[in-house]
Amino acid sequence: MTLQLHDSWELLICIVSEDGGDNPFGGAHERLFVRDYILNTAVDGQEAGRIRKRVEKGSRRFLEKQYVMNLRRLLGLEADQSN
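Here this note's numbering is used: the first residue of the sequence shown is 1004, the next is one more, and so on.
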């Protein structure tokens, strides 16, 4: 699997707040977003705002997680090089 594809899946997991762990059936429930996404199509409606906030928070959570992983990897490399 390419890194970009893996990151895309991780981003989606963060957006839907899926935390299934080892359980393949754990995570977001089916049709959880149907009311906000499909039934109400108003661009400026309350439902659309909820979706935008969910995407924003999930994206931020993913980027923060990615930043911390890269920082730890870099610090680990720096520590190895200093010895």
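Here a beta-carbon is modelled for each residue, glycine too, at the ideal position from N, C-alpha and C.
Do you know how far the Cα of residue j is from the Cα of residue i?
i	j	result
Arg1076	Thr1005	19 angstroms
Leu1078	Tyr1070	12 angstroms
Met979	Leu1066	As displayed, the chain neither begins before 1004 nor continues past 1086, which places residue 979 out of reach and without an answer.
Leu1015	Arg1055	14 angstroms
Over the uninterrupted alpha helix (DSSP H) stretch that includes residue i, give me the two end residues.
i	result
Asp1047	It is not in any alpha helix (DSSP H) - Asp1047 carries neither H nor E in the DSSP assignment.
Gly1014	Looking at the sequence shown, residue 1014 is not Gly but Leu. Residues 1006-1018.
Of all the options the options, which has the alpha carbon lying nearest to the alpha carbon of residue i?
i	options	result
Ile1018	Leu1074, Arg1057, Lys1068	Arg1057
Check whether the region 1007-1014 and the region 1045-1054 are in contact - that is, three or more C-beta pairs closer than 8 angstroms.
no
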